[in-house]
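A short worksheet on the structure shown next.
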């Protein structure tokens, strides 16, 4: 393999791994001897670690890792921050609404209504602090139950769930269903 | 900010974000105008995307993302100890093709073309991040609509849907076909 | 979950099979000879007979459609038959194109490019935008639709399969003893009066047996008139000491 390709391969490895990678493992993967790899990595570091570079390669003992140049952290933070503040997707809104009106509910219940998997959405709503886990249902598999948080009320600017617009009669889970839900949740 | 620093910041942003980032967001974060940012990103792409490079910058519609150069995939996989992604099944490819060329599209429409149920396939394509929900169609039952994601473009190595292989002339969506889309979606 | 039943030898569905037959027999997709196609199709269906019923149903649906088309084509008026044939041709052309594109895309699809996870910067991810309650209400209707069609079956439907309440015998022993401390003697039937659940009934019955075995109670009479009597009468002290906590 020519030098340029080996460099490229190491770049790709460090980029994709995220975690620090030891020189031994790189040597193994490329089927090269350790001193050669070490020399190429060092060259690569010289190429990368210019003062203004966005990506740096750092050495940690015998390991190497790619990371962003700390001087740009404020910008990175802004970008990631903007991502966090994007409005809820429609899928998120729907899941939130189902949780709000039926809590505590299981993932299976929500998926049955929406007809599609919603693990990702539940995760992001939890991270955003709009819903939270509410124990488990005493059924096989002990599924998690979800309910809305005080943050959710703040987000809607209401002081209690009772201020949500009431559902039309036909949309309300039936009495018996509620009873059962409570019984089985106990 | 000097050019070199802006480049570095964009590098750092793309590296740290992981996901595709839109030119608007970058412009916002750097407090620069969009054309300037676009020009710098394009320069950066020229710098990065040499044949032997380990890291590439790809354009996906209006977004940009850093990813590894596929030619080094075997090495990266050795390091990450990952098995090869199983190639998508024929069913998945067909569904993906229908979604790509007709998006946003309902499950009913896809099933009409393929003549078989495709709930499972839609679920797995969504889980793989190749397609995503795109709201609902305002028809009875409010069926979900699906479209392709930026990841889909990346995996196909194109930067926009317009680069997909063209449909054969006779198959270009005709009036009646469009009608059918709406009817069958019901 | 992806239905495994789709792993039929070669065909993704009835349309796939039809395209295969058309190609194999060098038929013209735009001018299908229905009776010829139907015979071949049925041949294949018979060959696949041992396959999963679920798959077969989709293939059978197409068989029925072909049979119908054949019937209609025998009528003196040809308009409907012609219309059905064009419809099928159109569908086949469309599916053929879909397959072609899928193949092209499969060649180009590289599902093995690596991207990074977002950098782990500690953020307070709390959602800070605001919405109105009406948005939540509307989203609910979006998800549920207006009919009851989409409301999931009540948990009751599953209760037989998934819930089994376990009632401990010891809790029923306490229950029986409590009843007896008040009255010293109680009709056997009454012990079961407050419960209808099967596991409650069984646990109560076992509790009585345990108490008989432990010589704490005695059963007199038979059938409906049987009574259960506490043996060490005047057990007020028991109640106070041992079972107070319960």
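Residue numbers (full-length UniProt numbering), protein chains in the order written: chain A, 1 to 186; chain B, 1 to 186; chain C, 1 to 246.
Cβ atoms here follow ideal geometry from the backbone N, Cα and C, with glycine treated the same way.
Keep in mind it's a predicted model, so treat the numbers as computed, not measured.
9 Å Cβ cut-off: residues of chain B touching residue 138 of chain C: Near residue 138 of chain C there are no residues of chain B at all, since even the closest Cβ is about 11 Å away, more than 9 Å.
Who are the neighbours of residue 5 of chain A on chain C, taking C-beta pairs under 8 Å? Near residue 5 of chain A there are no residues of chain C at all, since even the closest Cβ is about 17 Å away, more than 8 Å.
If we ignore side chains and look at the alpha-carbon of each, how far apart do residue 81 of chain B and residue 21 of chain B end up? Computed Cα separation, rounded: 28 Å.
Validate contact between the stretch 123–134 of chain B and the stretch 149–158 of chain B using beta carbons, cut 8 Å, 3 pairs: Segments in contact, yes.
Tell me, please, whether the CB atom of residue 144 of chain C is closer than 8 Å to any CB atom in chain A? Chain A, which has a Cβ nearer than 8 Å to the Cβ of residue 144 of chain C, makes this yes.
Who are the Cβ neighbours of residue 168 of chain C in its own chain at under 7 Å, not counting the five residues just before and after it? Within the same chain, 203 come within 7 Å of residue 168 of chain C by CB-CB distance, once the 5 residues on both sides are set aside.
When you compare the CB of residue 82 of chain A with every CB in chain B, is at least one pair closer than 8 Å? Yes, its Cβ sits closer than 8 Å to a Cβ of chain B.
For the structure I just gave you, are there three or more beta carbon pairs, one from the stretch 95–103 of chain A and one from the stretch 135–155 of chain A, closer than 8 Å? With the cut-off at 8 Å, the stretch 95–103 of chain A and the stretch 135–155 of chain A touch.
From A/143, A/137, A/86 and A/13, residue whose alpha carbon lies closest to that of residue 119 of chain A: Closest in C-alpha terms to residue 119 of chain A, from the list A/143, A/137, A/86 and A/13, comes A/143.
Using 8 Å as the Cβ pair cut-off and three pairs as the minimum, do the stretch 68–78 of chain B and the stretch 66–76 of chain C touch? These segments do not touch.
In chain C, which residues lie less than 8 Å from residue 88 of chain B when you measure between Cβ atoms? At a C-beta separation below 8 Å, residue 88 of chain B has these neighbours in chain C: 106, 109 and 111.
Tell me the DSSP secondary structure of residue 66 of chain B in three-state form. In the structure shown, residue 66 of chain B sits in a strand (DSSP, three-state: E or B).
So residue 137 of chain A and residue 96 of chain A are in contact, right, with Cβ under 8 Å, and what is the actual spacing, rounded? Residue 96 of chain A and residue 137 of chain A do not touch by the CB rule: their CB atoms are close to 20 Å apart, not below 8 Å.
Return yes when the Cβ of residue 111 of chain C is within less than 8 Å of the Cβ of residue 164 of chain B, no when it is not. Cβ distance not < 8 Å, so residue 164 of chain B and residue 111 of chain C don't count as in contact.
Shorter than 8 Å from the beta carbon of residue 192 of chain A to some beta carbon of chain B? In the structure displayed, chain A extends from 1 to 186; residue 192 of chain A sits before or after that span and is not available.
May I ask you to list, following chain order, the residues of the stretch 98–132 of chain B that have a beta carbon less than 9 Å from some beta carbon of chain C? Result list: 98, 100, 101, 112, 113, 114, 115, 116, 117, 119, 120, 121, 123, 124, 128 and 130.
Residue 37 of chain B in three-state terms, based on DSSP: In the structure shown, residue 37 of chain B sits in a helix (DSSP, three-state: H, G or I).
Let me know the alpha helix (DSSP H) ranges lying completely inside the stretch 111–179 of chain A, each 4 residues or longer, listed in chain order. Those alpha helix (DSSP H) runs which fall completely within the stretch 111–179 of chain A and span 4+ residues are 119–127 and 150–156.
Can you check whether the C-beta of residue 92 of chain B is within less than 8 Å of a C-beta belonging to chain A? Closer than 8 Å: no.
So, using beta-carbon positions, are residue 211 of chain C and residue 174 of chain C closer together than 8 Å? Contact flag unset, no.
Can you name the residues of chain C whose CB is closer than 7 Å to the CB of residue 11 of chain A? For residue 11 of chain A, none of the residues of chain C pass the 7 Å Cβ criterion, the least Cβ distance being about 12 Å.
Quick one: using the 10 Å Cβ neighbour count with 16 as the cut-off for buried, is residue 147 of chain C buried or exposed? Because residue 147 of chain C carries a pLDDT of 42, less than 50, the predicted location of this residue cannot be relied on, and no value is offered for it.
Tell me, please, whether the CB atom of residue 47 of chain C is closer than 8 Å to any CB atom in chain B? False, the Cβ-Cβ gap to chain B never drops below 8 Å.
Compute the Euclidean distance between the alpha carbons of residue 13 of chain C and residue 95 of chain C, then round it to the nearest angstrom. If you take the alpha carbons of residue 13 of chain C and residue 95 of chain C, they lie about 11 Å apart.
Determine, using beta carbons only, whether residue 16 of chain A and residue 114 of chain C come nearer to each other than 8 Å. A contact, by the Cβ cut-off of 8 Å.
Output, in chain order, the set of chain B residues within a Cβ distance shorter than 7 Å of residue 15 of chain A. Chain order gives the chain B residues near residue 15 of chain A as 54, 55 and 68, where near means a beta carbon separation below 7 Å.
Using the beta-carbon count (16 or more within 10 Å), is residue 4 of chain B buried or exposed? With fewer than 16 other Cβ atoms within 10 Å, it is exposed.
Report back the beta-carbon spacing between residue 19 of chain B and residue 65 of chain B to the nearest angstrom; my notes put them in contact at under 8 Å. Yes, they are in contact, since the Cβ atoms of residue 19 of chain B and residue 65 of chain B sit about 7 Å apart, within 8 Å.
Output the distance between the C-alpha atoms of residue 150 of chain C and residue 144 of chain C, rounded to the nearest integer angstrom. Legend: pLDDT at residue 150 of chain C = 46, less than 50; position of this residue unreliable, no value from coordinates given.
Roughly how many whole angstroms lie between the Cα atoms of residue 92 of chain A and residue 38 of chain B? Cα-Cα distance, rounded: 31 Å.
Cβ-based neighbour list, residue 54 of chain A, same chain, cut-off 7 Å, excluding 5 preceding and 5 following: Same-chain partners within the cutoff: 68, 69 and 72.
Residue(s) in a DSSP beta bridge with residue 57 of chain B: According to DSSP, residue 57 of chain B shares a beta bridge with B/66.
Assuming residue 167 of chain B and residue 97 of chain C are in contact, meaning their beta carbons sit under 8 Å apart, how far apart are those beta carbons, in whole angstroms? Their Cβ separation, rounded to whole angstroms, is 6 Å, which keeps residue 167 of chain B and residue 97 of chain C in contact under 8 Å.
In angstroms with no decimal places, state the Cα-to-Cα distance between residue 160 of chain C and residue 79 of chain A. Confidence in residue 160 of chain C is poor, its pLDDT being 49 and thus under 50, which makes the residue's placement too unreliable to answer from.
According to DSSP, is residue 115 of chain C part of a helix, a strand, or is it coil? If DSSP states are grouped into helix, strand and coil, residue 115 of chain C belongs with coil.
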